[in-house]
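Peer 1: If you read the sequences in order, they're chains W and E.
Residue numbering for the first sequence follows our numbering, starting at 1 and increasing by one per position.
Residue numbering for the second sequence follows our numbering, starting at 1 and increasing by one per position.
Ideal placement from N, C-alpha and C gives every residue a C-beta, glycine not left out.
2 protein chains.
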Amino acid sequence: MLTNVNANAYILTKPWLEKVKALADVFRVYGIKVYLTARFSAPIEIGGLKTADPLNDSVQDWWKNKVKEIYELIPDFGGFLVKANSEGQPGPQNYHRTHADGANMLANALEPFNGIVMWRAFVYDQQSDDRFKQAYEEFQPLDGKFKQNVLVQVKNGPIDFQPREPFSPLFGAMKKTPVMMEFQLTQEYLGQGTHLVFEAPLFKEVLDADTWAKGKGSLVSRIVDGSLYNFSLNGIAGVANIGNDKNWTGHLFGQSNWYAFGRLAWDYTISSEAIANDWIRQTFTNDAGFIAATKKIMLTSHETLVNYMTPLGLHHIMGNGHHYGPAPWSNNLPRSDWNPVYYHKADSAGIGFDRTATGSNALAQYAPEVRKQFEDLNTCDEKYLLWFHHVNWKHKMKSGRSLWEELCYHYYKGVSDLRDMQQQWNALEKYIDAERFRQVKMLLVIQEQEAVWWRNACLLYFQTFSGMPIPDEQPDKTLEYYKKLNFPYAPGN
Amino acid sequence: MLTNVNANAYILTKPWLEKVKALADVFRVYGIKVYLTARFSAPIEIGGLKTADPLNDSVQDWWKNKVKEIYELIPDFGGFLVKANSEGQPGPQNYHRTHADGANMLANALEPFNGIVMWRAFVYDQQSDDRFKQAYEEFQPLDGKFKQNVLVQVKNGPIDFQPREPFSPLFGAMKKTPVMMEFQLTQEYLGQGTHLVFEAPLFKEVLDADTWAKGKGSLVSRIVDGSLYNFSLNGIAGVANIGNDKNWTGHLFGQSNWYAFGRLAWDYTISSEAIANDWIRQTFTNDAGFIAATKKIMLTSHETLVNYMTPLGLHHIMGNGHHYGPAPWSNNLPRSDWNPVYYHKADSAGIGFDRTATGSNALAQYAPEVRKQFEDLNTCDEKYLLWFHHVNWKHKMKSGRSLWEELCYHYYKGVSDLRDMQQQWNALEKYIDAERFRQVKMLLVIQEQEAVWWRNACLLYFQTFSGMPIPDEQPDKTLEYYKKLNFPYAPGN
Chain W
1 MLTNVNANAY
11 ILTKPWLEKV
21 KALADVFRVY
31 GIKVYLTARF
41 SAPIEIGGLK
51 TADPLNDSVQ
61 DWWKNKVKEI
71 YELIPDFGGF
81 LVKANSEGQP
91 GPQNYHRTHA
101 DGANMLANAL
111 EPFNGIVMWR
121 AFVYDQQSDD
131 RFKQAYEEFQ
141 PLDGKFKQNV
151 LVQVKNGPID
161 FQPREPFSPL
171 FGAMKKTPVM
181 MEFQLTQEYL
191 GQGTHLVFEA
201 PLFKEVLDAD
211 TWAKGKGSLV
221 SRIVDGSLYN
231 FSLNGIAGVA
241 NIGNDKNWTG
251 HLFGQSNWYA
261 FGRLAWDYTI
271 SSEAIANDWI
281 RQTFTNDAGF
291 IAATKKIMLT
301 SHETLVNYMT
311 PLGLHHIMGN
321 GHHYGPAPWS
331 NNLPRSDWNP
341 VYYHKADSAG
351 IGFDRTATGS
361 NALAQYAPEV
371 RKQFEDLNTC
381 DEKYLLWFHH
391 VNWKHKMKSG
401 RSLWEELCYH
411 YYKGVSDLRD
421 MQQQWNALEK
431 YIDAERFRQV
441 KMLLVIQEQE
451 AVWWRNACLL
461 YFQTFSGMPI
471 PDEQPDKTLE
481 YYKKLNFPYA
491 PGN
Chain E
1 MLTNVNANAY
11 ILTKPWLEKV
21 KALADVFRVY
31 GIKVYLTARF
41 SAPIEIGGLK
51 TADPLNDSVQ
61 DWWKNKVKEI
71 YELIPDFGGF
81 LVKANSEGQP
91 GPQNYHRTHA
101 DGANMLANAL
111 EPFNGIVMWR
121 AFVYDQQSDD
131 RFKQAYEEFQ
141 PLDGKFKQNV
151 LVQVKNGPID
161 FQPREPFSPL
171 FGAMKKTPVM
181 MEFQLTQEYL
191 GQGTHLVFEA
201 PLFKEVLDAD
211 TWAKGKGSLV
221 SRIVDGSLYN
231 FSLNGIAGVA
241 NIGNDKNWTG
251 HLFGQSNWYA
261 FGRLAWDYTI
271 SSEAIANDWI
281 RQTFTNDAGF
291 IAATKKIMLT
301 SHETLVNYMT
311 PLGLHHIMGN
321 GHHYGPAPWS
331 NNLPRSDWNP
341 VYYHKADSAG
351 IGFDRTATGS
361 NALAQYAPEV
371 RKQFEDLNTC
381 DEKYLLWFHH
391 VNWKHKMKSG
401 RSLWEELCYH
411 YYKGVSDLRD
421 MQQQWNALEK
431 YIDAERFRQV
441 KMLLVIQEQE
451 AVWWRNACLL
461 YFQTFSGMPI
471 PDEQPDKTLE
481 YYKKLNFPYA
491 PGN
């Protein structure tokens, strides 16, 4: 896919299609097809029509002719990816049509050429008491209404590429529609190009999750590969993290996420450890000492990041806009579900989003067996606790600590594990070239500072609700200091 | 200078100054100082003040403290470049103060540290009947009012980096103020990263021009180097053309302009041929056959571009916004002097901007000897004819042709010389590596197509006024075709 989901219709005009053809000619020898994002309103913007209604004959003809024009240039063109009626993008709902109407109109145009449509389920325009539920609410009722050359592409997870999310309930709920997985390699919410995070454990955790859609063993991976419901058309997407940097990804270890995605796309049974092992050897050296130490860094990095950013099921408490640093206090955007306070719901009684039957009941979107794993506060995997429950600060955790103490414990553990990671890396100087060693070392210095920032900012803020002491070294800055930080040009913004 | 003249105040905040310091540390070992652009309204935007009035005590103190902060980080910081009250940038005139008031306020802050201010003269806010005259009208009366550590930086030329301009009348007119030259290496109006144009002849033509400010031999170069009026503080600026491309400049030959600027900054007596010779040998090979052919390409390239874009003194007839392709018909921007029709003034009687005493009288800004060279239609160097005269289509040129025929001759010669250049390059394959050979070859294919586009679009449009036939192969497309072309994402836009 050459273009961004926030699409621009001009890519479908002749001068740009010639560029697409040039790229297709380059990729073809590797067996790679090119795809484009289709802006739904293109018939208006570049076609001169007055409407983009998918049931309008002129619109349908426009797309048919456009597709024909593309295939004349690129005979093996793959098809379209569409973000419709989501975050300002136009779509069929502008004409009171369904997502299926929109997807099928494009699928009709592509069908004669064996092209496909990937239609994104990341929508949250509809009014709902819980953004978690919206993709399911809009798409599950359309199951069976899509043409055979349409895939529905579902983000991991139900909210938006968080450091940890439970799998989306749409996996398993669409029995007549192939559902694609959309992972994000770019680390939008995971320290972007600055933090060292090996994402294979994150991908695996989700692919290995059991949806119970057809009984035990209905893994997300088996929905993604089409085997559970027998779809020969299937797919997996990764929002790419490659750019203009000489090393492609900015952070050298960002390459390992691009690599892990590629490996898992072909074989999701391979372990994170095996992937790390191969990547290290292909990237640095076959020296056993270096491999062992670096593998340890990589395999613990994701859990470490979750600990210093969003432990115990916290999510979306990043600063608005840049999605980089902590801003759990933030509450200044017009839509409530764009604000961190919507997601953590901290108050004097406790913290977390009640998604059980006493709350938004998002859990009802899962199979009963999955629901059961999450619905009881006392048996719910603590990794997901605050995703599904509003929990009292004094609630006793499995460790014996109170929730507040446990929260402190995780934030402090995140920072201290990160410091261990730093020490481990700094001992590896003798194994590799100075340039790469130093670049990673310097980024880890920044990552350590920012882990402290995350820990202090979040705990000082949540402390205003819990009213309980931090049982460890005290933050050296005040909450006001952290709230006043301002990042007009934060990385990635 | 690390930052753009369209400045952002944030560069002067701590997190960004730390980045500036890092670069200063890198450059220092090469004897290079770093400078920053100063946004005049920074005291408001990042200082929390209510005004940026240069005569206000708090504003002056704010700049003094800011400068002190910078020098604590960067002891050899060079100083500020300022674009004020120009194209939307804030400046002292917002407070009814002069450019000198603004420049001197910053110069006061920098003086204790031996820092300097470079204050740009590219202004055209004032109402005037001719944009050509405005920089002179605003700045010449301020001569003598600037502090000793202020330089006034004057664009080449009086309008805006055109393929050919007469030198700015400010050179020679400021006797008590050091005046810097600002060249543009980026080829904003010269085919940007696509056209092969060696700019040394352009730079030399201007540096060698005689202002007659202190009699014969008062060359622009002697004002720029400070020798004419005895300024030890002097300077020359080049708007850099280096970017993210692997070869730095996109077009390989763009490197030669960066190189030519550097050579001429140290020694403006060196010939264009000598510069081309050295660059070719350092860049490609010492083979005499390659050097001779490539030198010929380079040395004719500027005149060729002038011929197919803006011959005989035409200027600013590029499309608004992108400044890339031809749009002499364009007349849709709110300010008249942003539109091509303002500059060529073609009508049934003739074409060109009358800047003599019967017109805007911009010529009065030059020394009498210079004025004399330009003011008579019959003796004016035809290179500058339409810069200074509105000339009848039937006017007899030195060649014996009518103006219309001469215009056609130049446009057609531009294209045919470009085709010769292509053939010359295509014969050089055996001398150099395939990658660089092919890249230049492919860009010349585009350049040839665009030279034809320039020629056809301009002549078909001007023909609607002259009513005379094109005495050569006829354009294969209509004027309407060229007018309808639309470039929402033109290079450089």
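Is Pro-475/E close to chain W, meaning its C-beta is less than 8 Å from at least one C-beta of that chain?
Peer 2: Closer than 8 Å: no.
Peer 1: Under DSSP, the beta strand (DSSP E) around Ile-236/W begins and ends at which residues?
Peer 2: Here the beta strand (DSSP E) through Ile-236/W covers 236–239.
Peer 1: In whole angstroms, what separates the C-alpha of Gln-153/W from that of Lys-398/W?
Peer 2: If I take the Cα positions, the gap works out to 37 Å.
Peer 1: Determine the chain W residues that contact Tyr-10/E at a beta-carbon separation under 7 Å, and present them in chain order.
Peer 2: By Cβ distance, chain W contributes Pro-488, Tyr-489.
Peer 1: Cβ closer than 8 Å: which chain E residues qualify as neighbours of Asn-244/W?
Peer 2: Here the neighbours are Asn-244.
Peer 1: In chain order, what residues of the same chain lie with their CB nearer than 8 Å to the CB of Glu-138/W, ignoring the 5 residues before and after it?
Peer 2: If we look at Glu-138/W and ignore the five residues flanking it on each side, its Cβ neighbours are His-99, Ala-121, Val-123, Gln-126.
Peer 1: Given this structure, state the Cα-to-Cα distance separating Ile-46/E from Val-117/E, to the nearest angstrom.
Peer 2: Going by the C-alpha atoms only, they are around 20 Å apart.
Peer 1: According to the Cβ coordinates, are Ala-209/E and Val-220/E closer than 8 Å?
Peer 2: Yes, these two residues count as a Cβ contact at 8 Å.
Peer 1: Run through the region 128–199 of chain E for me and flag every whole beta strand (DSSP E) of 3 or more residues, listed as ranges in chain order.
Peer 2: DSSP runs (the beta strand (DSSP E)) wholly in the region 128–199 of chain E: 150–155, 179–184.
Peer 1: Between which two residues does the beta strand (DSSP E) containing Val-117/E stretch?
Peer 2: Note, Val-117/E: beta strand (DSSP E), 116–120.
Peer 1: Return the chain-ordered list of same chain residues with a C-beta closer than 7 Å to the C-beta of Ala-367/W, the five sequence neighbours on each side being excluded.
Peer 2: Hits under 7 Å: Gly-172, Thr-211, Trp-212, Ala-213.
Peer 1: I need the boundaries of the alpha helix (DSSP H) containing Val-370/W, first residue and last residue.
Peer 2: It spans 368–375 - the alpha helix (DSSP H) in which Val-370/W sits, taken as one unbroken run.
Peer 1: Are there 16 or more other CB atoms within 10 angstroms of the CB of Thr-269/E, so buried, or fewer, so exposed?
Peer 2: The residue in question, Thr-269/E, is exposed, as its Cβ has fewer than 16 Cβ neighbours within 10 Å.
Peer 1: What do you reckon, are the CB atoms on Phe-462/E and Ala-346/E nearer than 8 Å?
Peer 2: Against a cut-off of 8 Å, the Cβ pair of Ala-346/E and Phe-462/E comes out as a contact.
Peer 1: Is it a yes or a no for the region 189–198 of chain W touching the region 154–166 of chain W, going by three-plus beta-carbon pairs under 8 Å?
Peer 2: In short, these stretches touch, since the Cβ pair count reaches three.
Peer 1: Given Tyr-95/W, which residues of its chain have a CB within under 6 Å of its CB, disregarding the five upstream and five downstream residues?
Peer 2: Same-chain partners within the cutoff: Asp-53.
Peer 1: Roughly how many whole angstroms lie between the Cα atoms of Gly-36/W and Asn-149/W?
Peer 2: In the sequence as presented, Gly is not what sits at residue 36/W; that position holds Leu. Distance between the alpha carbons of Leu-36/W and Asn-149/W: 16 Å.
Peer 1: Short of 6 Å in beta carbon distance, which residues of its chain neighbour Thr-177/E, apart from the five on each side in sequence? Order them along the chain.
Peer 2: Correct list, in chain order: Asp-143, Phe-146, Val-152.
Peer 1: Alpha carbon to alpha carbon, what distance is there between Trp-63/W and Val-341/E?
Peer 2: Taking the straight line joining both Cα atoms gives about 40 Å.
Peer 1: Return the first residue and the last residue of the beta strand (DSSP E) that Phe-80/E is part of.
Peer 2: Unbroken beta strand (DSSP E) run through Phe-80/E: 79–82.
Peer 1: Where do the N-terminal and C-terminal ends of the beta strand (DSSP E) with Tyr-30/W fall, by residue?
Peer 2: Note, Tyr-30/W: premise wrong, no beta strand (DSSP E); not H, not E.
Peer 1: Would Ile-280/E and Gln-424/E be called neighbours here (beta carbons separated by less than 8 Å)?
Peer 2: No.
Peer 1: Comparing C-alpha positions only, which one of Tyr-489/W, Met-1/W, Gly-350/W sits nearest to Phe-465/W?
Peer 2: Looking at the Cα atoms, Gly-350/W is the closest of the given residues.
Peer 1: Label Glu-480/W either buried or exposed according to how many other C-beta atoms from any shown protein chain fall within 10 Å of its C-beta, with 16 as the threshold for buried.
Peer 2: Result: exposed.
Peer 1: Could you pull the DSSP bridge partners for Tyr-35/W from this structure?
Peer 2: Answer is Gly-79/W.
Peer 1: In chain order, what are the residue ranges of uninterrupted alpha helix (DSSP H) at least 4 long that sit wholly in the region 293–344 of chain E?
Peer 2: Listed in chain order, they are 340–344.
Peer 1: Would you report the Cα separation of Arg-436/W and Asn-339/E, rounded to the nearest angstrom?
Peer 2: When rounded, the distance between both Cα atoms is 52 Å.
Peer 1: Could you say which of Leu-460/E, Lys-372/E, Thr-51/E, Lys-33/E lies nearest to Arg-97/E if we only look at CA atoms?
Peer 2: Among Leu-460/E, Lys-372/E, Thr-51/E, Lys-33/E, the Cα nearest to that of Arg-97/E is on Thr-51/E.
Peer 1: Got a sec? Which residues, its chain only, sit under 7 Å from Gln-439/W by beta carbon, not counting five neighbours each side?
Peer 2: Cβ neighbours of Gln-439/W beyond the five flanking positions: Leu-252.
Peer 1: For Met-309/W and Glu-188/E, what's the separation of their Cα atoms in angstroms?
Peer 2: Roughly 46 Å between the two C-alpha positions.
Peer 1: In three-state DSSP terms, what is Gly-414/E?
Peer 2: Of the three classes helix, strand and coil, the one that applies to Gly-414/E here is helix, per DSSP.
Peer 1: With which residues is Ala-357/W paired in a DSSP beta bridge?
Peer 2: None, per the DSSP bridge assignment.
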